[in-house]
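So the sequence shown is residues 63 to 185, counted in our numbering. Below is one structure, written out as structure tokens; the observations come after it.
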Amino acid sequence: RCASNKENAAVDVSALPLMSMSDLVRRNGRDDPQVCCCLRGRIYDVSSSGNFAPGGPYAFLAGADCTVGLSRMSYDRALVNRTDWGQLTDEEWSVVDGWVGYLDGKYKHIARLQEFEEWLSTS
63 RCASNKENAA VDVSALPLMS MSDLVRRNGR DDPQVCCCLR GRIYDVSSSG
113 NFAPGGPYAF LAGADCTVGL SRMSYDRALV NRTDWGQLTD EEWSVVDGWV
163 GYLDGKYKHI ARLQEFEEWL STS
């Protein structure tokens with residue numbers, strides 16, 4: 063767990079490894095002991111939180127990209143692992159940025175989502 067944003071702020075994001083969605087999905091606390099969650103292409107190690115562990119209230123976000131769902135402040139599981147980031151509004155991206163700030167303060171940013179990086183390079 064990060065004591066503050068300082069640990070993540072010191073990270074050279076471009077030097078972080080890329081992880082594919084299929085690799086992320088396995089990091090759900092069941093298939094792999096490491097639990098990760100992704101937001102705006104930033105993959106966080108959330109293993110320290112029981113909330114993301116199997117049976118926890120946010121377990122459905124373990125091993126998942128939650129960008130679209132959190133942009134809408136929704137727990138709708140149909141919004142998990144959606145890759146249609148281009149349809150988000152400026153207001154929704156602003157909500158996502160707020161969540162990124164929150165996750166940066168609590169969890170270590172360990173990788174970048176490959177599919178998000180590819181989308182960024184084409185949008």
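Ideal placement from N, C-alpha and C gives every residue a C-beta, glycine not left out.
### Message
Less than 6 Å between C-beta atoms, sequence neighbours within five positions excluded: which residues of the same chain meet that for V75?
### Response
There are no such residues.
### Message
I'd like the list of long-range same chain contacts for V162, defined as Cβ closer than 8 Å, with 5 residues on each side in sequence excluded.
### Response
Take V162, set aside five residues on each side of it, and the residues of its chain with a beta-carbon closer than 8 Å to its own are L101, R102, R104, in chain order.
### Task
Return the bridge partner residues of M81 from the DSSP annotation.
Paired residue(s): L175.
### Message
For S82, tell me which candidate among V73, V130, C99 has the shortest Cα-Cα distance.
### Response
The residue with the shortest Cα to Cα distance from S82 is C99.
### Task
Would you check whether the ligand MN has a heavy atom nearer than 6 Å to the C-beta of C98?
Ligands are entirely absent from the displayed structure, and the ligand MN is therefore not among its contents.
### Query
For D138, which three-state DSSP category applies?
In the displayed model, D138 falls within coil according to three-state DSSP, outside both helix and strand.
### Query
Which residue's Cα is closest to the Cα of G112: W181, D127, N90, T129?
Of the candidates W181, D127, N90, T129, the one whose C-alpha sits nearest the C-alpha of G112 is N90.
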